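Report on one structure; see the data block that follows.
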Amino acid sequence: MNTALLLVNVTILRRSPTLWKTNFMIANGLQLWGLVILNNSLSFHSMDKMSSVFLLYMPAVVTYVERHIKGHYIVSGMCTSGSWQCELSPVEAFVLPTVVSIAWVFMHTLKVEVMDRNKVYSDPDLMTPLKNMVQQKEGNVNKVITAVARNLNILKNNEHLDLDKKYATTLVLFVASQIISTMIMFLVSFLCFKSAAINTLCLVIVLGVLVWNGAIEYFPEEVKEEITTFIRGLSTRHVPTMRRISNTRVSNTKLVEVQLPEELSDNDE
């Protein structure tokens with residue numbers, strides 16, 4: 000949705016500050032950080048992941064350039080008075096982006112979950128944000144939504160998000176979480192609009208996560224397991240787990256060194 004609006008903004012309505020600012024708020028909010036939340040990666044062998052990165056990351060780069068670089072040197076479509084005097088009204092900062100985002104969420108849900116429902120759920124390889132969230136049982140998004148739903152008595156303590164048994168409940172919770180999280184992330188977009196340093200830092204962090212996730216996919220399986228174990232150890236403060244692994248390897252190495260003289264002695268005999 001934001002990519003289409005940005006395309007209209009760049010090609011047709013190039014001198015519309017309101018549309019530029021609306022696109023900025025959407026592009027640098029949940030749309031950008033969704034790449035991190037959904038554990039996306041810069042994987043050059045995957046057309047799906049590369050297209051997702053392009054569609055979600057590049058709008059943030061384009062609006063960043065229009066706001067903080069182009070607007071700093073010349074009068075831009077977003078900042079007609081220059082970047083130093085570029086301000087956001089409450090309508091531009093929150094009202095219009097919220098209306099556009101809610102409209103997009105409902106149109107996307109109608110298209111994927113109603114019109115294309117049979118196609119989407121008959122193909123296990125066809126992934127959607129809802130399917131991805133439900134399948135990642137240990138994901139932070141799944142855990143947060145489940146915990147909130149249980150506290151509100153929407154789900155029982157022994158119930159989980161399920162597309163078979165609790166489809167309607169899961170869909171409503173997912174749509175509500177998208178709308179709420181989008182509105183919260185507008186605060187990040189607002190800070191990015193006000194500060195070029197914060198905007199740059201956000202873009203660098205997201206790009207770093209994408210590169211890291213893509214690099215891990217090319218590592219051998221043993222290295223992946225070590226990295227996963229180490230990260231889980233840090234998150235749960237169980238750092239000794241990695242120490243036990245390293246100690247085990249050291250002890251095995253010593254065992255081999257002790258056995259070598261015995262093998263040599265047998266050969267001498």
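Oh and the sequence shown: position 55 is 54 in numbering that gives the first Met the number 0, straight run, nothing missing. For each residue, glycine too, the CB sits at the ideal point set by N, CA and C. Predicted, not measured: the structure shown is a model, and the values here were computed from it.
> Assuming V174 and V35 make a contact with CB atoms under 8 Å, what is their CB distance in whole Å?
Replying inline: That pair is no contact at about 21 Å.
>> Is it buried or exposed, F192, if we count other Cβ atoms within 10 angstroms and call 16 or more buried?
In response: buried
>> Rounded to the nearest angstrom, what separates V64 and C201 at their Cα positions?
In response: 14 Å
> By a C-beta neighbour count over all protein chains shown, 10 Å radius and 16 as the cutoff for buried, is T247 buried or exposed?
Replying inline: Because T247 sits at a pLDDT of 42, beneath the cut-off of 50, its placement in the model cannot be relied upon, and the point is left open.
> From L162, G76, V52 and V90, pick the residue whose C-alpha is nearest to that of E112; which is it?
Replying inline: L162
> Got a sec? Which residues, its chain only, sit under 6 Å from V133 by beta carbon, not counting five neighbours each side?
Replying inline: L160 and L162
> Are the CB atoms of I25 and P96 nearer to each other than 7 Å?
Replying inline: Yes, Cβ-Cβ distance for I25 and P96 is below 7 Å.
> So, helix, strand or coil for K110, using DSSP?
Replying inline: helix
> Residue range of the alpha helix (DSSP H) that K20 falls in?
Replying inline: P16 to A26
>> Going by DSSP, what residue range makes up the alpha helix (DSSP H) through L273?
In response: What the structure shows of the chain is the stretch from 0 to 268, and residue 273 is not part of that stretch, so it cannot be assessed.
> How big is the Cα-Cα spacing for F93 and V99?
Replying inline: 10 Å
> Is the CB-CB distance between S51 and N39 below 7 Å?
Replying inline: yes
> So the alpha helix (DSSP H) D47 belongs to, where does it begin and stop?
Replying inline: M46 to Y63
>> Using only the alpha-carbon positions, how far apart do S75 and T17 sit?
In response: 12 Å
>> Please report the distance separating the alpha-carbon of V203 from that of P89.
In response: Answer to the nearest angstrom: the Cα atoms are 27 Å apart.
>> Suppose you measure from the CA of S180 to the CA of L29; what does that come to, to the nearest Å?
In response: Straight across, the Cα-Cα distance linking S180 with L29 is about 7 Å.
>> Which of the three DSSP states is assigned to C78 in this structure?
In response: It is coil, neither helix nor strand.
> Where do the ends of the alpha helix (DSSP H) carrying R116 lie?
Replying inline: R116 to S121
> Three-state secondary structure (DSSP) at L337?
Replying inline: Nothing can be reported for residue 337: it is not among the residues displayed for the chain, which extend from 0 to 268.
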